[in-house]
Amino acid sequence: MPAGKKVLIGISSSIAAYKICGLVRELVRSGAEVQVVLTPSANEFVTPLTLSTLSGRPVYTNLVQNKEGEWVNHVDLGLWSDLILVAPCTANTLAAMASGSCNNLLLATVLSARCPVAVAPAMDHDMFLHPTTQANLQRLDAMGYRIIAPGTGELASGLMGEGRMAEPELLLQAIREILLGEPFLSGQRVLVTAGPTREYLDPVRYITNRSSGKMGLALAEALADRGAQVELIYGPGTEKCRHPGVTTHPVETAAQMLDACREVADHCTLQVYAAAVADYRPAMFSENKIKKSKAPLSLDLVANPDILHYAGTHKKQGQFIVGFALESENEIENGLLKLHQKQADLVVMNSLRQEGGAMDAGHMECTLLTAHQDPVHLPAMPKRELAKVMVDQFRQLLNLGLVVYLLWVLGWNSAYAQELNCQISVNPGKVGGADQQFYANMQQALTTFVNGQKWTADEYQFQERINCSINIMLDERISGNTFKATAQIQSSRPVYNSTYTTVIFNYTDPDWQFEYNEAQAMEFNENAHTSNLLSMLAFYANLIIGLDYNTFGKESGTPYLRKAQQIVLNAQNAIELGWRLNQSLRNRYWLSELLNNSAYKPFHQGLYEYHRQGLDQMHKPERVIDARRKMLGAIEKIHDVNRNKPGGMLIPLYLKAKLPEIIGFCSKALPAEKAKVVEQLIAMDPLNQAEYNRINATGGGGSGPGGGGR
Ligand code: CTP
675 MPAGKKVLIG ISSSIAAYKI CGLVRELVRS GAEVQVVLTP SANEFVTPLT LSTLSGRPVY
735 TNLVQNKEGE WVNHVDLGLW SDLILVAPCT ANTLAAMASG SCNNLLLATV LSARCPVAVA
795 PAMDHDMFLH PTTQANLQRL DAMGYRIIAP GTGELASGLM GEGRMAEPEL LLQAIREILL
855 GEPFLSGQRV LVTAGPTREY LDPVRYITNR SSGKMGLALA EALADRGAQV ELIYGPGTEK
915 CRHPGVTTHP VETAAQMLDA CREVADHCTL QVYAAAVADY RPAMFSENKI KKSKAPLSLD
975 LVANPDILHY AGTHKKQGQF IVGFALESEN EIENGLLKLH QKQADLVVMN SLRQEGGAMD
1035 AGHMECTLLT AHQDPVHLPA MPKRELAKVM VDQFRQLLNL GLVVYLLWVL GWNSAYAQEL
1095 NCQISVNPGK VGGADQQFYA NMQQALTTFV NGQKWTADEY QFQERINCSI NIMLDERISG
1155 NTFKATAQIQ SSRPVYNSTY TTVIFNYTDP DWQFEYNEAQ AMEFNENAHT SNLLSMLAFY
1215 ANLIIGLDYN TFGKESGTPY LRKAQQIVLN AQNAIELGWR LNQSLRNRYW LSELLNNSAY
1275 KPFHQGLYEY HRQGLDQMHK PERVIDARRK MLGAIEKIHD VNRNKPGGML IPLYLKAKLP
1335 EIIGFCSKAL PAEKAKVVEQ LIAMDPLNQA EYNRINATGG GGSGPGGGGR
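Just add 674 to wherever you are in the sequence shown, counting from 1, and you've got the numbering used here.
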């Protein structure tokens, strides 16, 4: 989260204003400074007192703030901000911003801003789709304003449709991305070493160097800003790191640093060795203070372990190692030699002859060296700035590095990258809190397993991974390390050309029973059922991938749904719950049975038509009507499957996950289409009859681009 950043939130007069209170609180909690500015009539929707209490700062509305005539300097506010977010932004404020009007404090501040400006529109469906509003949005977009698209749902007017302000979580995500960049390392654990080490002669004397640890610290924070869970192992004198995404491990000696690295390295995809480790330590350590004597004293030194070399030579497939090289001559040549000798993937070379070459400087200049690409030179800048640039470079070089690595090692024609971006949480609520570290380690190990595993042979970029979550609520610790749990599994996918994400799968599986041993290797075998825990994770991973693929390419998910079925077959003889036919009508057996049943073929075609030919096309006004027809057609296909093979758990699950979205777009259909789809939906999911009947009651009309929704 954007700790230390200054966010100005402009609120205009919309009913959605109340939602901003939660956003302000969340931002303040995460360490951001928040200044709220209201348009003159916004305080009819939310009180300045609430907002100033939450933000801890006075809330401004007018250019002249109080009876004494104190002037609020909009230019200062504009300059103060790292980001301005206008949310909710009414059609009126939007129009004023697009035309450069500045007859209130918020508009004047926006005009004075030098920082990024984001806008979250909130208005009625028809106002939002009105050509003037759309033209205003395009204008702001062209000026570089970030438009946070509204969602579809119930509007203040009582109508269903587009125009509902993006939910606060989405606003928070947008703020985070604007301020910190895309969280492309989310779900990844990263190791960073920083600072010097101290090698003791006796209890009070030691050998060390001038390293301040600033570069390593800045890198740890920049990596955490990009979503990584960072393990920072740092030597003495390094400034304290307070970033919530960084876990700190203070050490003193090189030997301690190596031990700390060995403990976490296996779980870290990326490892950055920025520490200035002492190359030697005294051969002897005196327990007592060495006494002064007249005789000359000579020190015997022995070599310390080379931590980077250890990491490079113990690297596993999919891990990426970054080292540093401080050189004073033949810099590139020596840097490349270190890259090679220590088996790193990238070396950050800095020269003592460059600006900031001295270790404890505030600025630094460096050159990034890899085995297969040209050196990338980064000019002198403050270390915090440099760290951000470096992380972006790591990202690019990381992907390329992996391609080269695999082509070389395996002769494959594809890149190694993980498919899933899975947030796994292990919630030990019901089984007691004594073993917090054990559960945290379990959560991390499961996350590393699911996100680190290569489930397909396809190439993925980090940002293309499939977003999903598995929330494991531990219900009982049966004995030792055997648990009973309930797991909620969700996946979603982005909709093309919008900030909207659509839910693909959402299921609560009450039958998780598994054994978890910290020491046991998390190695999954496709052909045998070795661990119930790994089989469950692998089953859902394949299912999520299969369904996701089916929404993009016609039946392209079939191989993964088959793999999920194979996992069920392997598990059939296991004594654990959830895999067998007669245990329940709602279990993993049935999920896989229905997904692979030939009667469900049209269901999968429906997934493709609904998402690829429907939702993904909604951003083009001229395609809206056609896209909606595809979605209605998909519902009809799914309805036919249900009629031919009634009673399966899959269709109600699907409808439940998609309910608000389906109601949203169906509400804009033609009356005859509405009547038909409502009948089909009720036939499939009678429990939600009242919800579906709302479709008939709402307006819409389905002609022209205005008939569209997301
Ligand atoms: N390094 C390490 N352990 C050591 C020494 C160095 O992990 N005992 C790492 C540093 O963290 C850095 C890289 O190796 O990432 C290169 O460090 P540097 O001091 O430039 O080189 P050395 O290997 O120490 O070699 P030399 O001093 O001869 O240049």
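Just so it is clear, CB atoms sit at the ideal spot from N, CA and C, and this is done for glycine as well.
Checklist line | Residue closest to A902, alpha-carbon to alpha-carbon, out of A894, D756 and I881 | finding: As a working mapping, residue 902 is identified with position 228 in the sequence shown. The option with the nearest alpha carbon to A902 is A894.
Notebook entry, point to check: With distances taken between CB atoms, is the gap from V1065 to A948 smaller than 9 Å?
Noted result: Working through the sequence shown from its first residue, we reach residue 1065 at position 391. Working through the sequence shown from its first residue, we reach residue 948 at position 274. Taking 9 Å as the Cβ cut-off, V1065 and A948 do not qualify as a contacting pair.
Margin query: ligand 1 and G887: does any heavy atom of the ligand fall closer than 8 Å to the residue's C-beta?
Written below: As a first step, residue 887 must be located in the sequence shown, where it is residue number 213. For ligand 1, not one heavy atom lies less than 8 Å from the Cβ of G887.
Check: Comparing alpha-carbon positions, which option in A1202, Y1284 and D940 lies nearest A1248?
Finding: Translated into the one-based positions of the sequence shown, residue 1248 becomes position 574. Per the Cα distances, A1202.
Check: How is the beta strand (DSSP E) around P722 delimited, first residue to last?
Finding: For the purposes of this step, residue 722 is taken as residue 48 along the sequence shown, with counting starting at 1. Looking at the DSSP string, P722 is not in any beta strand (DSSP E); the run it does join, the alpha helix (DSSP H), is P722 to S729.
Checklist line | Beta-carbon proximity list for M801, same chain, < 8 Å, skipping 5 on both sides | finding: Locating residue 801 in the sequence shown gives position 127, where the first residue counts as 1. Closer than 8 Å at Cβ, skipping near neighbours: A765, T807 and G837.
Item checked: Where V746 sits in the DSSP three-state scheme -> The sequence position of residue 746 within the sequence shown is 72, counting from 1. Coil.
Margin query: Can you tell me whether I685 is buried or exposed? The criterion is at least 16 other CB atoms within 10 Å of its CB, across all chains shown.
Written below: For the purposes of this step, residue 685 is taken as residue 11 along the sequence shown, with counting starting at 1. Buried, since its Cβ has 16 or more Cβ neighbours within 10 Å.
Check: Any chance the CB of N1247 is under 8 Å from a heavy atom of ligand 1?
Finding: Counting from one through the sequence shown, the residue named residue 1247 turns up at place 573. No, since every heavy atom of ligand 1 falls outside the 8 Å radius drawn around the Cβ of N1247.
Note to self: Suppose contacts are defined by Cβ-Cβ distances below 9 Å. Is C789 in contact with D750 by that definition?
What the structure shows: Residue 789 sits at position 115 when you count from the first residue of the sequence shown. Residue 750 sits at position 76 when you count from the first residue of the sequence shown. The answer is no: Cβ separation not under 9 Å.
Checklist line | Simplified DSSP assignment, three categories, for F1188 | finding: For the purposes of this step, residue 1188 is identified with residue 514 of the sequence shown, where counting begins at 1. Here F1188 sits in strand by DSSP.
Check: When DSSP labels each residue in this structure, what does F1179 get in the three-state scheme?
Finding: In the sequence shown, the residue the question calls residue 1179 occupies position 505. Note: F1179 maps to strand in three-state DSSP.
Check: Straight-line CA distance for N1370 to A1364?
Finding: For the purposes of this step, residue 1370 is identified with residue 696 of the sequence shown, where counting begins at 1. For the purposes of this step, residue 1364 is identified with residue 690 of the sequence shown, where counting begins at 1. Cα to Cα, N1370 sits roughly 11 Å from A1364.
Notebook entry, point to check: Exposed or buried, which one is V1169 when buried takes at least 16 other CB atoms within 10 Å?
Noted result: Mapped onto the sequence shown, residue 1169 falls at position 495. V1169 should be labelled buried.
Checklist line | CA-to-CA distance, S967 to V878, given in whole angstroms | finding: If you number the sequence shown from 1, residue 878 lands on position 204. If you number the sequence shown from 1, residue 967 lands on position 293. One C-alpha to the other measures close to 17 Å.
Next item on the list: Could you check which residue in A690, S687 and L682 has the C-alpha nearest to that of S786?
Entry: Numbered from 1 along the sequence shown, position 112 holds the residue referred to as residue 786. For the residues A690, S687 and L682, the minimum Cα distance to S786 belongs to L682.
Check: How about I995 and L982: do their beta carbons lie closer than 9 Å?
Finding: What you label residue 995 is simply residue 321 of the sequence shown in a count that begins at 1. What you label residue 982 is simply residue 308 of the sequence shown in a count that begins at 1. Contact flag set, yes.
Check: Taking just the CA atoms, how far does G909 sit from E1007?
Finding: Stepping through the sequence shown from its first residue, residue 1007 is reached at position 333. Stepping through the sequence shown from its first residue, residue 909 is reached at position 235. Cα to Cα, the separation comes out at about 29 Å.
Next item on the list: Starting from V1021, follow the beta strand (DSSP E) in both directions and report where the run begins and ends.
Entry: Position 347 of the sequence shown, counting from 1, holds the residue named residue 1021. V1021 -> beta strand (DSSP E) spans L1020 to S1025.
Notebook entry, point to check: CA-CA distance, Y1328 and I1178?
Noted result: For the purposes of this step, residue 1328 is identified with residue 654 of the sequence shown, where counting begins at 1. For the purposes of this step, residue 1178 is identified with residue 504 of the sequence shown, where counting begins at 1. Distance between the alpha carbons of Y1328 and I1178: 8 Å.
Next item on the list: Would you decide whether M1423 is buried or exposed? Buried here means 16 or more other CB atoms lie within 10 Å of its CB.
Entry: Residue 1423 is absent from the model: the chain starts at 675 and stops at 1384.
Check: Excluding sequence positions up to five away, which residues of its chain have a Cβ less than 8 Å from the Cβ of E1001?
Finding: Here the question's residue 1001 lines up with position 327 in the sequence shown. Answer for E1001: N1008, G1009, M1023, N1024, S1025 and L1026, listed in chain order.
Next item on the list: Could you tell me the boundaries of the beta strand (DSSP E) in which L1000 lies?
Entry: Start at 1 with the first residue of the sequence shown, and residue 1000 comes out as number 326. Note, L1000: beta strand (DSSP E), F994 to E1001.
Item checked: Status (buried if at least 16 other CB within 10 Å, exposed otherwise) for M1358 -> Walking along the sequence shown from the start, residue 1358 turns up at place 684. Looking at its Cβ environment, which holds 16 or more other Cβ atoms inside 10 Å, M1358 is buried.
Next item on the list: Please report how far the alpha carbon of A1089 lies from the alpha carbon of Y1134, in whole angstroms.
Entry: Within the sequence shown, residue 1089 is the residue found at index 415, counting from 1. Within the sequence shown, residue 1134 is the residue found at index 460, counting from 1. Residue placement at A1089 is poorly supported in this model, since its pLDDT is 36, which falls under 50; the coordinates are not used for a value here.
Note to self: Is T867 a contact residue of ligand 1, with contact defined as CB to any heavy atom under 8 Å?
What the structure shows: Counting from one through the sequence shown, the residue named residue 867 turns up at place 193. The answer is yes for T867.
Checklist line | Own chain, CB closer than 6 Å to W1264, minus 5 neighbours either side, in chain order | finding: Against the sequence shown, residue 1264 aligns to sequence position 590. Within the same chain, W1264 has close Cβ partners M1323.
Next item on the list: Give the secondary structure of W1082 by DSSP, where H, G and I count as helix, E and B as strand, and everything else as coil.
Entry: Within the sequence shown, numbered from 1, the residue matching residue 1082 stands at position 408. Since pLDDT at W1082 reaches only 36, below the 50 mark, its modelled position is unreliable, and no value is offered.
Checklist line | Close Cβ partners of K1237 (< 6 Å) along its chain, the five nearest in sequence each way excluded | finding: On the sequence shown, residue 1237 is found 563 positions in, with the first residue counted as 1. Counting only Cβ-Cβ distances below 6 Å, and skipping sequence neighbours, we find N1216.
Notebook entry, point to check: Looking only at its own chain, which residues have a Cβ that is under 6 Å from the Cβ of Y692, when we skip the five neighbours before and after it?
Noted result: Numbered from 1 along the sequence shown, position 18 holds the residue referred to as residue 692. Around Y692: V720.
Note to self: Between G1033 and N1101, how many whole angstroms is the CB-CB distance? I'm expecting something under 8 Å.
What the structure shows: Residue numbering aside, residue 1033 sits at position 359 when the sequence shown is read from its first letter. Residue numbering aside, residue 1101 sits at position 427 when the sequence shown is read from its first letter. According to the sequence shown, residue 1033 is Met rather than Gly. In fact, because the Cβ distance is near 44 Å, the residues do not count as touching under 8 Å.
Notebook entry, point to check: Taking all protein chains shown into account, do 16 or more other C-beta atoms lie within 10 angstroms of the C-beta of I1163, making it buried, or fewer, making it exposed?
Noted result: Here residue 1163 refers to the residue found at position 489 of the sequence shown. With 16 or more Cβ atoms within 10 Å of its Cβ, I1163 is classed as buried.
Check: Exposed or buried, M817, counting other C-beta atoms within 10 Å across all chains shown (16 or more means buried)?
Finding: Taking the first residue of the sequence shown as 1, we reach residue 817 at position 143. Answer is exposed; the Cβ neighbour count stays below 16.
Notebook entry, point to check: In this structure, does DSSP put K888 in helix, strand or coil?
Noted result: Here residue 888 is taken as the residue at index 214 of the sequence shown, counted from 1. Note: K888 maps to helix in three-state DSSP.
Check: Since E873 contacts R955 with CB under 8 Å, what's their CB separation in whole angstroms?
Finding: The residue given as residue 873 occupies position 199 in the sequence shown. The residue given as residue 955 occupies position 281 in the sequence shown. That belief holds up - the Cβ atoms of E873 and R955 are roughly 4 Å apart, short of 8 Å.
Check: What residues in its chain sit with their C-beta under 7 Å from that of H1313, if we drop five residues either side in the sequence?
Finding: As a first step, residue 1313 is located in the sequence shown; it is residue number 639 there, counting from the start. So the qualifying residues of the chain are Q1354, A1357 and M1358.
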